[in-house]
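Worksheet: one structure, shown below.
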Amino acid sequence: MDTLGFNDLPPFLREIPDPPRMMYKRGAALCADAMCIAIVGTRLPSRYGLEMAYDISSALAEAGAVIVSGLAFGVDAQAHRAALDLGKPTIAVLASGVDRVTPSSHAGLAENIIAGGGALLSEYECFDSAHRYRFLERNRIISGLCKATIVIEAKEKSGALITARHAFDQGRDVYALVGDITRLQARGVLSLIKKDMARPIVSLEGLMEDLGLDRRAAQMELLNDKETEVLGLLETGAQRGKGAHFVSDILEKSGLPVHELNAILSMLELRALVRKLPDGRFEIIR
Numbered sequence: 004m005d006t007l008g009f010n011d012l013p014p015f016l017r018e019i020p021d022p023p024r025m026m027y028k029r030g031a032a033l034c035a036d037a038m039c040i041a042i043v044g045t046r047l048p049s050r051y052g053l054e055m056a057y058d059i060s061s062a063l064a065e066a067g068a069v070i071v072s073g074l075a076f077g078v079d080a081q082a083h084r085a086a087l088d089l090g091k092p093t094i095a096v097l098a099s100g101v102d103r104v105t106p107s108s109h110a111g112l113a114e115n116i117i118a119g120g121g122a123l124l125s126e127y128e129c130f131d132s133a134h135r136y137r138f139l140e141r142n143r144i145i146s147g148l149c150k151a152t153i154v155i156e157a158k159e160k161s162g163a164l165i166t167a168r169h170a171f172d173q174g175r176d177v178y179a180l181v182g183d184i185t186r187l188q189a190r191g192v193l194s195l196i197k198k199d200m201a202r203p204i205v206s207l208e209g210l211m212e213d214l215g216l217d218r219r220a221a222q223m224e225l226l227n228d229k230e231t232e233v234l235g236l237l238e239t240g241a242q243r244g245k246g247a248h249f250v251s252d253i254l255e256k257s258g259l260p261v262h263e264l265n266a267i268l269s270m271l272e273l274r275a276l277v278r279k280l281p282d283g284r285f286e287i288i289r
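Right under this line is the structure:
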């Protein structure tokens, strides 16, 4: 466990109106220039809310953003898991001490966050219990760490809305996913949009563009020479009007052994750079 003084805090957090005087940390060091994005929302999300929390968090993490949330049930936990499933770091800001994880049933998730290169943060002493008011206090830290806060479903009175209001007051971007407007979980999000405190998320691509994140570029940087060569062959083919290639075509042009090419194509699929068509051909994803 490390103690962070005010000057050790990330610059974004030092800028907020009521910054913590010090913080306690378990896990990796905080990168001063990391692009942190908060994902918050209801503890009882719809299936759609859960799916979108995962998909949005995955896309952001793939593009290099660090997912920040509060380790709570529902949306928070889903956001952390999405980053962990990709092997990306994520930060959990607790309403209890970092050695007394709340909720206790998420102690395993907390350890996975640490093992995955992320961190647990709290302004409370390491074994302090969580109190109701502390959940409200810590929300300013979640938003304060981040360039933007994304709300995935929320009731009219919820901690997620308080986090969003903190973000708005801190001059940070706020985005909101509405979901099913007939559900209680949509009402808080709708109120944020109605008050012009949040921008509605109408597409994942639009959100990524608005945040200045390029998931494809981030994935391209991870390619080795042979993966880059195969992707280049598909790109060249697409430019010449041949949008998709059979494995035999790629084998002929690349000269790679079939087992190695299949492994490369599988990796490119996992990184959402190519897709396999029903007839077995592969094409590049724009």
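According to this note's numbering, the stretch in the sequence shown is residues 4 to 289, in order.
Beta carbons are placed, not taken as given, at the ideal position from N, Cα and C, and that holds for glycine.
In this text, all values refer to a predicted model and were calculated from it rather than measured experimentally.
Beta-carbon proximity list for residue i, same chain, < 7 Å, skipping 5 on both sides
i      : result
Leu207 : Asp58, Ile59, Ala62
Arg284 : Ala247, His248, Phe249
Residue i Cβ short of 7 Å to the ligand PLP heavy atom set
i      : result
Val277 : What this structure holds is no ligand at all, so the ligand PLP is not there to describe.
Pick from the options that is closest to residue i, judged by C-alpha positions
i      : options                        : result
Gly121 : Asn10, Gly100, Ala64           : Ala64
Pro14  : Thr6, Cys34, Lys28             : Cys34
Ala37  : Phe285, Gly209, Ile267, Leu216 : Leu216
Ala220 : Phe76, Thr166, Ala68, Lys198   : Ala68
Asn115 : Pro23, Leu139, Asp88, Ile165   : Asp88
Asp176 : Asp11, Ile42, Val277           : Ile42
Gln222 : Pro92, Asn265, Thr93, Ala66    : Ala66
Helix, strand or coil at residue i [DSSP, three-state]
i      : result
Glu65  : helix
Met25  : strand
Asp131 : coil
Arg202 : strand
Lys197 : helix
Ala32  : coil
Thr45  : coil
Glu286 : strand
Leu180 : strand
Ala163 : helix
Ile19  : coil
Thr152 : strand
8 Å contact criterion, which residue i and residue j should meet: CB distance rounded
i      : j      : result
Val78  : Pro48  : 5 Å
Gly90  : Gly119 : 7 Å
Lys160 : Gln188 : With a Cβ gap of about 12 Å, Lys160 and Gln188 do not count as contacting.
Ile267 : Glu230 : 5 Å
Ala95  : Ala113 : 6 Å
Cβ-Cβ distance between residue i and residue j below 8 Å
i      : j      : result
Ser146 : Ser125 : no
Glu232 : Ser257 : yes
Ile155 : Ala56  : yes
Phe76  : Asp102 : no
Asp282 : Arg143 : no
Ala170 : Leu195 : no
Contact with chain D by residue i, beta-carbon distance below 8 Å
i      : result
Leu226 : The structure shown has no chain D; it contains just one protein chain.
Proximal residues to residue i (C-beta, below 6 Å), its chain only, five neighbours per side dropped
i      : result
Ala133 : Ala98, Ser99, Thr105
Gly8   : Met25
Ile204 : Tyr178, Leu180, Leu210
Chain-order list of residues whose beta-carbon lies under 8 Å from that of residue i (same chain, five-residue window excluded)
i      : result
Leu51  : The displayed chain sequence assigns Tyr, not Leu, to residue 51. Closer than 8 Å at Cβ, skipping near neighbours: Gly182, Asp183.
Leu280 : Ala247, Glu286
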